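In order, the protein sequence lines correspond to chains A and B.
Taking the numbering used here, I'd label the letters of the first sequence as residues 1 to 345.
Taking the numbering used here, I'd label the letters of the second sequence as residues 1001 to 1345.
Protein chains: 2
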Amino acid sequence: MDEKHKSRQATLPPSPNERPTLKTIAFMTGLGITTVSRALKDAPDIGAETKERVRLIAAQVGYHPNRAGVRLRTGKTNVISLILNLEEEFIGLTSPMVIGVSEILATTQYHLVITPYSGHSDPLDPVRYVLDTGAADGVIISRTEPKDPRVALMMERNFPFGTHGRTEMGLVHPYHDFDNERFAYDAVRMLVERGRRRIMLLQPPRSLTYHIHMRTGFERGLRDFGAASVPFNTVDLDNSLADIRAACEAVMRAPDAPDGAISGSGGGAVALVAGIEAAGLKLGHDIDIVSKQSNDFLQWLRPEVITLREDFRLAGRELAKAVIARIEGRPASELQTLSFPVLQN
Amino acid sequence: MDEKHKSRQATLPPSPNERPTLKTIAFMTGLGITTVSRALKDAPDIGAETKERVRLIAAQVGYHPNRAGVRLRTGKTNVISLILNLEEEFIGLTSPMVIGVSEILATTQYHLVITPYSGHSDPLDPVRYVLDTGAADGVIISRTEPKDPRVALMMERNFPFGTHGRTEMGLVHPYHDFDNERFAYDAVRMLVERGRRRIMLLQPPRSLTYHIHMRTGFERGLRDFGAASVPFNTVDLDNSLADIRAACEAVMRAPDAPDGAISGSGGGAVALVAGIEAAGLKLGHDIDIVSKQSNDFLQWLRPEVITLREDFRLAGRELAKAVIARIEGRPASELQTLSFPVLQN
DNA sequence: CTCAAAATCTGTAACGATACAGTTCTCTTG
DNA sequence: CAAGAGAACTGTATCGTTACAGATTTTGAG
């Protein structure tokens, strides 16, 4: 009985009840583990028939590569992290966004991991976490700011990501954005067409980039169509609906109340409507509202409100595609998309 | 120069720019890798001072255990999978659920992975995927059915999970549920108190367990409070809002129209309101509605609708806690919670 | 002092996959 | 028919961690 020193890679039959590994397939085909691995990757130095045989058996036994093994060896996580602000919920955009991202990732090897941060903590924390721990191959962020430190950090580290919203740092990176400038501009136009001249804007918080866009479109609209702005700066879209409602009611009761209002979100519009009606005014008569909206609710209950649709599910899809493309090395300049307001009905 | 055969585990200084590993700390402390590993786990066979030293340095260099390493060695993924139906979105419950789960997981080592399935594919698929690939340590599912094959499968494999909704299979497993029987019962009572006697119910799809609960509460309410049911079986909560609206309008125009309606979701109630008003009837006058609701929208725009709140964020939190407890070995019988309708305002 | 027990610490192997550097064997080609 | 090229395949080392089975030192009882 001569003990051979050079032993076959896969000598022992893998126990039958465990998840199949490359070893299982190697044993079944009589090939080496390396060969099986390379066959499944369609490497050029493996024979066509061998590949076929390996693929067949792999399918037969239901082989899935062990993610931990791949990740440990190659560093590739096959994970996209969606960074979410837990307080953002009430705006109602989280859900369709998650669904949109999922939809795309489901067609790939990627998993979606939700990485949350609480409203009062540093938004850089989750990004640093992913970078430091290598928790994902790519990241999607929202609530993008003009000078966004998260973007700066990820660019510096050359880490793939996509932003919901644009930045203003002279850095080229993947993004998807809704044309909020066009939204506000069109909104003003529609109000003026209805004879409205004194318009207020429920705007996003100053810190976010799309505040600037919306503001710009708003002011350009006022100039082009000849209307005036009614100040409404005590609240923004980050305030609670109750606060917005109260602030709106106050403006409506003040002298020189607006006869037109624009809301940067559907939730905000609901609060505005409530404020307007609490002040005893009538929608469509005393005042018109143009709102951004992503679902049908508002449309059903206050058909007087003019709504321009923003598709968050689409945003999720676009961002997922962009991040994956970035991971695969496509240049960021090709991965920037914009979507446009669509009149509801 | 004598070549020592027995070499120290960690001989070479780890390159300084890489993520720190146990090896890094071992090198810095002059200890063995094993010792460092055990020190960080607070194992009993490591000296108190050594543990302190190791912990200090680990914190200093920002050590995070490599998840792939742990996962490969121990099989523990530190992942909870939330299985989502992509089509479920419009009910609007996805988002708060995700947030609630995230909230809890953020306080633990667990990551949240979204595992989606499309509406027309087999709901068992994502469960099988997680089981077959070992993608998670625990699973959360919703749209629970009385005889739910997913539950049967996971029980059989002894895999930790929690369900949003109960089953009726005589199997004890963790769940969180809203008391839909109580909801419907209370809803009938409230309608009868307002003098309503002919009541219709917009109910969940027949296949789901909470259909039975809601139905039971509804019928018990009719008996106890002396009201009659108006058939409304052409649509359920899985139909589109447009379909529900149309069906509702038809019922309202038919002879013997209902004077009370109960909706199993806020979205459904919006469609009912639209249908009722399209038929020329007036809410609070010709008919009253009691609806389940998770946000404030409906409340603001149709204060006439009586809403009973269901807290989906709470559900997410409870389910996350339950699954983790199950993973840690707590008996399933202790991990079943119920939440109750709360009158809004 | 002696020796066993207790207290600390450590090396090796393994989890599953892949990069890399071979090894065989079969053909060409001159 | 020798030599080199090419095709097809394979073993080893490694990623970071932990289970396990020692190894070494200290302590304390007799």
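Even for Gly, the Cβ is constructed at its ideal location relative to N, Cα and C.
For clarity, every value in this text was computed on a predicted model and none was experimentally measured.
Chain-ordered, the chain A residues with CB closer than 7 angstroms to the CB of Phe-1297(B) read Val-270, Phe-297. Fewer than three pairs of CB atoms, one per stretch, sit closer than 8 angstroms, so the region 1100-1112 of chain B makes no contact with the region 1041-1054 of chain B. By the C-beta density criterion, Gly-30(A) is exposed, having fewer than 16 other C-beta atoms within 10 angstroms. The C-beta of Thr-307(A) has 16 or more other C-beta atoms within 10 Å across all chains shown, which makes the residue buried. Rounded to the nearest whole angstrom, the C-alpha separation of Phe-178(A) and Ala-136(A) is 26 angstroms. Following the DSSP letters along the chain, one finds Met-169(A) in no alpha helix (DSSP H), marked with neither H nor E.
Taking one beta carbon from each stretch, the region 268-288 of chain A and the region 238-245 of chain A have 3 or more pairs nearer than 8 angstroms; the two touch.
Shown here, Phe-1340(B) sits in coil according to DSSP, grouped into three states, outside any helix or strand.
Within chain B, the residues whose beta carbon sits less than 8 angstroms from that of Ser-102(A) are Leu-1084, Leu-1086, Ile-1114, Pro-1116, listed in sequence order. Where Gln-293(A) is concerned, the enclosing beta strand (DSSP E) starts and stops at 288-293.
Taken through DSSP and simplified to helix, strand or coil, Tyr-129(A) comes out as helix. Under the three-state reduction of DSSP output, Phe-297(A) falls in the helix class. Residue-level contact by beta carbon holds for Ile-1099(B) and chain A, with a gap shorter than 8 angstroms.
If the five residues before and after Tyr-1117(B) are omitted, its C-beta is found closer than 8 angstroms to the C-beta atoms of Ile-1083, Leu-1084, Asn-1085, Leu-1086, Pro-1123, Asp-1125, Pro-1126, all from its own chain and listed in chain order. The C-beta of His-1285(B) comes no closer than 8 angstroms to any C-beta of chain A.
Contact annotation: His-1211(B) and Pro-1205(B) have beta-carbon atoms nearer than 8 angstroms. About 19 angstroms separates the beta carbons of Ala-315(A) and Met-154(A), which is beyond the 8 angstroms limit, so they are not a contact pair. DSSP, read as helix, strand or coil, puts Ser-118(A) in coil.
With 16 or more other Cβ atoms from the protein chains shown falling within 10 Å of its own Cβ, Ser-1081(B) counts as buried.
The beta carbon of Asp-137(A) does not come within 8 angstroms of any beta carbon belonging to chain B, so the residue lies off that interface. Exposed is the label assigned to Phe-340(A), since fewer than 16 other Cβ atoms lie within 10 Å of its Cβ. Identification of chain B residues near Arg-194(A) by a Cβ-Cβ cut-off of 9 angstroms yields none; the smallest Cβ-Cβ distance measures about 21 angstroms.
Asn-1180(B) is classed as buried because its beta carbon has at least 16 other beta carbons within 10 Å across all chains shown. If only uninterrupted alpha helix (DSSP H) runs of at least 4 residues are considered, those enclosed by the region 185-268 of chain A are 209-225, 241-253. According to the DSSP assignment, Ile-83(A) belongs to the beta strand (DSSP E) that extends over 79-85. Linking Arg-220(A) to Glu-156(A) through their CA atoms gives a straight-line distance of about 35 angstroms. A straight line joining the alpha-carbon of Pro-1065(B) with that of Arg-128(A) spans about 16 angstroms. For Gly-62(A), the C-beta contacts it makes with chain B under 8 angstroms involve Asp-1132, in order along the chain.
Interface flag for Gly-69(A) against chain B is set, since a Cβ pair is found closer than 8 angstroms. Counting along the chain, Phe-1027(B) sits inside the alpha helix (DSSP H) bounded by residues 1022-1029.
Measuring C-alpha to C-alpha distances from Val-251(A) to each of Leu-237(A), Phe-297(A), Pro-231(A) identifies Pro-231(A) as the nearest. Taking 8 angstroms as the cut-off, the beta carbon of Leu-1191(B) is found closer than this to the beta carbon of Val-1290(B). Here the C-alpha atom of Gln-293(A) lies approximately 25 angstroms from the C-alpha atom of Leu-335(A). For Ile-46(A), there is no enclosing beta strand (DSSP E), since its DSSP letter is neither H nor E. Under the 8 angstroms criterion on CB atoms, Val-1036(B) is classed as non-interfacial with respect to chain A. Within chain A, the C-beta atoms nearer than 8 angstroms to that of Arg-1019(B) come from Asp-132, Thr-133, Gly-134, in chain order.
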